[in-house]
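Novice: Protein chains in written order, with my numbering: chain A, 98 to 408; chain B, 329 to 647. Note that CB positions come from ideal geometry on N, CA and C, so glycine has one too.
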Amino acid sequence: MSASIPLQPGAVDDDQNVSKVTFWTRLRRHKLAIAGIVVLSIIVLAAVFAKQLAPFDPNAIDEVHWQGPPLPPCFVDHAQCWGHVLGTDEVGRDLFSRLLFGARISLMVGFFAVLMEVLIGTSLGAIAGYYGKWVDWSIMRVTDVFLSIPLLPLLLVLTAIVAASSSKAALNFGVIVLIIGALSWMSVARLVRASFLSLREREFAEAARAVGNRDGRIIFRHLLPNAIAPIIVQATLDIAGVIILESTLSFLGFGIQPPTASWGNMLSNAQATVETAWWAAVFPGVCILVTVLAINYIGDGLRDALDPNMR
Amino acid sequence: MRRTLQSIPLLLLISIILYAILYNMPGGPLAPYLANPHITPADIARLKHNLGMDQPVPIQYLKWLLHVLTGDMGYSTSNSEPVLQAILERLPATLELMLTSFVFSLAIGVTAGIVSAVYRYTAVDYLITTLAFFGQSMPVFWFALMMQLAFAVHGIPLPFGYQIQLPSAGISASDTFDWGDRLSHLILPTIVLSLLSLALFSRFMRSSLLEVLNTDYMRTAAAKGLAFRAILFKHGLKNALIPVVTIVALSLPGVLGGAIITEDIFAWPGTGRLFYNGLTQGDISLLMGILIILAVAVVFSNLLADVVYAWLDPRVKYD
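1. Residues in its own chain within less than 7 Å of serine 522 of chain B by CB, not counting five upstream and five downstream?
2. Report the rounded CA-to-CA distance for alanine 633 of chain B versus valine 135 of chain A, giving the unit in angstroms.
3. Quick one, are the C-beta atoms of alanine 147 of chain A and phenylalanine 208 of chain A less than 7 Å apart?
4. Is proline 355 of chain A close to chain B, meaning its C-beta is less than 7 Å from at least one C-beta of that chain?
5. Please report the distance separating the alpha-carbon of alanine 257 of chain A from that of asparagine 407 of chain B.
6. Where does asparagine 542 of chain B land, buried or exposed, given buried means 16+ other C-beta within 10 angstroms?
7. Using a C-beta cutoff of 7 Å, does alanine 623 of chain B count as contacting chain A?
8. Alpha carbon to alpha carbon, what distance is there between leucine 511 of chain B and serine 502 of chain B?
9. For the alpha helix (DSSP H) containing serine 579 of chain B, name the first residue and the last one.
10. Going by DSSP, what residue range makes up the alpha helix (DSSP H) through glutamate 187 of chain A?
11. Could you pull out every residue in the same chain whose Cβ sits closer than 6 Å to the Cβ of isoleucine 392 of chain A, ignoring the five residues on either side in sequence?
12. Beta carbons nearer than 9 Å to chain B: which residues of the segment 230-242 of chain A have them?
13. In chain B, which residues lie less than 8 Å from glycine 352 of chain A when you measure between Cβ atoms?
14. State buried or exposed for valine 572 of chain B, treating a residue as buried only when at least 16 other CB atoms are found within 10 Å of its CB.
15. Buried or exposed: valine 383 of chain A, going by 16 or more other Cβ atoms within 10 Å of its Cβ?
16. With 16 as the cutoff for other CB atoms within 10 Å, does arginine 297 of chain A come out buried or exposed?
17. Return the residues of the segment 434-468 of chain B that lie within a Cβ-Cβ distance of less than 8 Å from chain A, sorted by chain order.
18. Glycine 180 of chain A to glutamate 160 of chain A, Cα distance in whole Å?
19. Taking the Cβ atom as the reference point for each residue, do phenylalanine 293 of chain A and leucine 251 of chain A lie within a distance shorter than 7 Å?
20. For serine 404 of chain B, write down the residues that DSSP places opposite it in a beta bridge.
21. Rounded to whole angstroms, how far is the Cβ of alanine 326 of chain A from the Cβ of leucine 221 of chain A, which I believe are closer than 8 Å?
22. Could you give the DSSP three-state label for isoleucine 158 of chain A: helix, strand or coil?
23. So, does the segment 463-482 of chain B touch the segment 371-386 of chain A, judging by three or more C-beta pairs under 8 Å?
24. Starting from asparagine 393 of chain A, find everything on chain B with Cβ-Cβ shorter than 7 Å and list it in chain order.
25. Using a Cβ-Cβ distance under 7 Å, would glycine 610 of chain B count as near chain A?
26. For proline 487 of chain B, does the count of other Cβ atoms within 10 angstroms reach 16, so buried, or fall short, so exposed?
27. In the structure shown, what three-state DSSP assignment does aspartate 174 of chain A receive?
28. Can you tell me which of the three DSSP states valine 308 of chain A falls into?
29. In its own chain, which residues sit with a C-beta less than 6 Å from the C-beta of methionine 98 of chain A, not counting the 5 before and 5 after it?
30. For valine 627 of chain B and chain A, any beta-carbon pair shorter than 7 Å?
31. Cα-Cα, which of A:Trp375, A:Thr357, A:Ala143 is closest to alanine 157 of chain A?
32. Using DSSP with H/G/I as helix, E/B as strand and the rest coil, what is serine 181 of chain A?
33. Which class does serine 282 of chain A belong to by DSSP, given the choice of helix, strand or coil?
34. Just to check my reading of the structure: isoleucine 575 of chain B and leucine 537 of chain B have Cβ atoms closer than 8 Å, yes? What is that Cβ distance to the nearest angstrom?
35. Between glycine 489 of chain B and chain A, is any beta-carbon pair separated by less than 7 Å?
36. Any beta-carbon of chain A closer than 7 Å to the one on glycine 498 of chain B?
Shown next as structure tokens:
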């Protein structure tokens, strides 16, 4: 298959060099995206080193000092906080430590669910766009089906079924990732299909076909690299979306199960004590908001930098 | 017309997939009975036979479909009444909340988008786009929690010694129908449910209007010497509002999801809360019924958006 090499890579390499330069300059000009990258890096580091940074065991109850009501944060009442920087939750567990470990859950669910979504969406979109005709038609009808069922209710039903068929403890990290990832590939599939429909008509694709490449090689080596930009933007924005979804599921009791800390399930416990212990209700939500905001700004910056014409 | 016909196989496919997911799961609609120690395996077998659950799945599906088409969506175990009746009883409360929030978010969102586009790159524009970004990044349930904390628990102090203390519970218990009371209970849930679409509409309106402001016919109108205000309202908005129809339809699934959260947190006695209760009690028939109705609403609203779009914009033609 050496015949295929001189025909195409040269052109693509030139293109990529040009776009790489403008990519970085454009991204650097997007100040909010840079701020987003800084903030997200800090959160990622905090999640990675959660074990080293956490002053307490996230699941341990402070039996010595906790008397029933949640302990206040140190900046509220220095004498009563007993070293719990951000106070404790309603059963006396250190809020700051739980937030650190919760960051792990949120970021990992976001990353792995989107990874799965991109793999499914890209494969289906590439097959539909490349082969066209009835293959395209059937894949797109299935896409329509999943786009017509509101995502959150469907996710809730699926997790509820898993919970009912064994127990709520079955709703672990892997199951949540699997369910979210399996149901959010539609936008990626549509994007990839649209790029493939136009890319397969281009001359380099025709040339690759003419010299006898197999379909798989054309799809992965020739077409996919040219369709990657919109996938990256969509995937970034979807990480933010998945983090919100996971926290919503956990808040409603059908996501990550306690005692494992997730920003969502911390809030579901805090709802009951919101009148007396505002800190337990405020801080996990601030974490979600800041993380999602940072990722959304990064996604926005990537969109501007990769292709200003994309909307 | 062709598009209307296309939505029928789409809905059939949706129903098949939902049926496959929900009814083939362990337990299925009988899950609430399986947990009951007073029900013997013989009872279960009889129930299965009576419900036709001992027949092949495709037959079961067709039977179910025929029943649904005649308005029989099964029996809700958590409410002890027919599914359709349970849904219809709670529908008005949900529609009240959704319509209020729809009008609210459309009015404010579109206005904010217009202001943002007209005063592009000014402080006002930055403020609006930043707020919209926050709105899109905000977890709805936490926003609801914070609104409760701010208004219902602490009350926001105002000058002149007043405090706004908004009621957080859904509909009041008082017997007499009082418009003021009714509206005051709507405020918080409406704000919470509107947040996401508000952000979406304003961002979309902004980019749509900016696109229109850049077109040749707008330049021509300006060259004729028309005042900016006249151009904006006569030519600009007319064209910029057309794509908003699409985004309104596309936002529906998100709003439906948001309604579940909002109704749950504010104890709003609507279908969202019904759904959540069904969820915690494993009431498969009820969940299936609500999911089907949601899907029909989404498919129908997309269809409606296409029709309205073609009607508003003669350049668009569907075959």
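Specialist: According to the structure shown:
1. Along the second sequence, one-based indexing puts residue 522 of chain B at 194. Around serine 522 of chain B: Ser429, Phe432, Ser433.
2. On the second sequence, residue 633 of chain B is found 305 positions in, with the first residue counted as 1. On the first sequence, residue 135 of chain A is found 38 positions in, with the first residue counted as 1. Going by the C-alpha atoms only, they are around 41 Å apart.
3. Taking the first sequence and counting its residues from 1, one reaches residue 147 of chain A at position 50. Taking the first sequence and counting its residues from 1, one reaches residue 208 of chain A at position 111. Cβ atoms of alanine 147 of chain A and phenylalanine 208 of chain A: not closer than 7 Å.
4. Within the first sequence, residue 355 of chain A is the residue found at index 258, counting from 1. Judged by the 7 Å Cβ criterion, proline 355 of chain A is not in contact with chain B.
5. On the first sequence, residue 257 of chain A is found 160 positions in, with the first residue counted as 1. On the second sequence, residue 407 of chain B is found 79 positions in, with the first residue counted as 1. Rounded to whole angstroms, alanine 257 of chain A to asparagine 407 of chain B spans 18 Å at the Cα level.
6. Numbered from 1 along the second sequence, position 214 holds the residue referred to as residue 542 of chain B. Exposed: under 16 other Cβ atoms inside 10 Å.
7. The residue labelled residue 623 of chain B in the question sits at position 295 within the second sequence. Alanine 623 of chain B counts as touching chain A.
8. Position 174 of the second sequence, counting from 1, holds the residue named residue 502 of chain B. Position 183 of the second sequence, counting from 1, holds the residue named residue 511 of chain B. A caution first: serine 502 of chain B carries a pLDDT of 49, below 50, which makes its placement in the model unreliable, though a value can still be read off. Cα to Cα, the separation comes out at about 14 Å.
9. Counting from 1 along the second sequence, the entry for residue 579 of chain B is found at position 251. First-last for serine 579 of chain B: undefined, no H or E at that position.
10. Within the first sequence, numbered from 1, the residue matching residue 187 of chain A stands at position 90. Taken as a continuous stretch (DSSP letters only), glutamate 187 of chain A belongs to no alpha helix (DSSP H), as it is neither H nor E.
11. In the first sequence, the residue the question calls residue 392 of chain A occupies position 295. Hits under 6 Å: Ile336, Ala337.
12. Arg238, Val239, Asp241, Val242
13. Here the question's residue 352 of chain A lines up with position 255 in the first sequence. Residues of chain B passing the Cβ test: none, with the nearest at roughly 12 Å.
14. Here residue 572 of chain B corresponds to residue number 244 of the second sequence, with the count starting at 1. Buried, since its Cβ has 16 or more Cβ neighbours within 10 Å.
15. Within the first sequence, residue 383 of chain A is the residue found at index 286, counting from 1. Per the 10 Å Cβ criterion, exposed.
16. To locate residue 297 of chain A, count along the first sequence from 1; it is residue 200. By the neighbour-count rule (16 or more Cβ atoms within 10 Å), arginine 297 of chain A is buried.
17. Phe461, Phe462, Gln464, Ser465, Met466, Pro467, Val468
18. Counted from its first residue, the first sequence places residue 180 of chain A at position 83. Counted from its first residue, the first sequence places residue 160 of chain A at position 63. Cα to Cα, the separation comes out at about 13 Å.
19. Sequence index remark: in the first sequence, residue 293 of chain A carries index 196 (1-based). Sequence index remark: in the first sequence, residue 251 of chain A carries index 154 (1-based). Result no, Cβ atoms of phenylalanine 293 of chain A and leucine 251 of chain A do not sit closer than 7 Å.
20. Position 76 of the second sequence, counted from the first residue, corresponds to residue 404 of chain B. Answer is B:Glu409.
21. In the first sequence, residue 326 of chain A corresponds to position 229, counting from 1. In the first sequence, residue 221 of chain A corresponds to position 124, counting from 1. Incorrect: roughly 19 Å between the Cβ atoms, too far for contact.
22. Stepping through the first sequence from its first residue, residue 158 of chain A is reached at position 61. Here isoleucine 158 of chain A sits in strand by DSSP.
23. yes
24. As a working note, residue 393 of chain A is residue 296 in the first sequence. Per Cβ cutoff of 7 Å: Phe461, Gln464, Ser465.
25. Here residue 610 of chain B refers to the residue found at position 282 of the second sequence. Answer yes: the Cβ-Cβ gap between glycine 610 of chain B and chain A drops below 7 Å somewhere.
26. Position 159 of the second sequence, counted from the start, is the residue given in the question as residue 487 of chain B. Bear in mind that a pLDDT of 45 at proline 487 of chain B, under 50, signals an unreliable position, so the model cannot answer this.
27. Walking along the first sequence from the start, residue 174 of chain A turns up at place 77. Three-state DSSP puts aspartate 174 of chain A in coil, outside helix and strand.
28. What you label residue 308 of chain A is simply residue 211 of the first sequence in a count that begins at 1. Reduced to three states, the DSSP call for valine 308 of chain A is coil.
29. Position 1 of the first sequence, counted from the start, is the residue given in the question as residue 98 of chain A. Only weak support is given to the placement of methionine 98 of chain A: the predicted model assigns it a pLDDT of 35, under 50, and the value that follows is read from those uncertain coordinates. For methionine 98 of chain A, where only same-chain residues beyond five positions count, there are no Cβ hits under 6 Å.
30. For the purposes of this step, residue 627 of chain B is identified with residue 299 of the second sequence, where counting begins at 1. Closer than 7 Å to some Cβ of chain A, the Cβ of valine 627 of chain B qualifies, so yes.
31. Translated into positions along the first sequence, residue 157 of chain A becomes position 60. Among A:Trp375, A:Thr357, A:Ala143, the Cα nearest to that of alanine 157 of chain A is on A:Thr357.
32. Your numbering for residue 181 of chain A matches position 84 in the first sequence. The identity of residue 181 of chain A in the sequence shown is histidine, whereas the question assumes serine. DSSP places histidine 181 of chain A in coil when its eight states are reduced to three.
33. Residue 282 of chain A sits at position 185 when you count from the first residue of the first sequence. Inspection of the sequence shows that residue 282 of chain A is occupied by tryptophan rather than by serine. The answer is coil: DSSP assigns tryptophan 282 of chain A none of H, G, I, E or B.
34. Along the second sequence, one-based indexing puts residue 575 of chain B at 247. Along the second sequence, one-based indexing puts residue 537 of chain B at 209. Going by Cβ atoms, the distance from isoleucine 575 of chain B to leucine 537 of chain B rounds to 13 Å, so no, they are not a contact pair.
35. Walking along the second sequence from the start, residue 489 of chain B turns up at place 161. With a pLDDT of 41 at glycine 489 of chain B, under the threshold of 50, the modelled position of this residue cannot be trusted; read the value that follows with caution. Closer than 7 Å: no.
36. Here residue 498 of chain B refers to the residue found at position 170 of the second sequence. Because the pLDDT of glycine 498 of chain B is 47, which lies under 50, any placement of that residue in the model is unreliable, and the question is left without a value.
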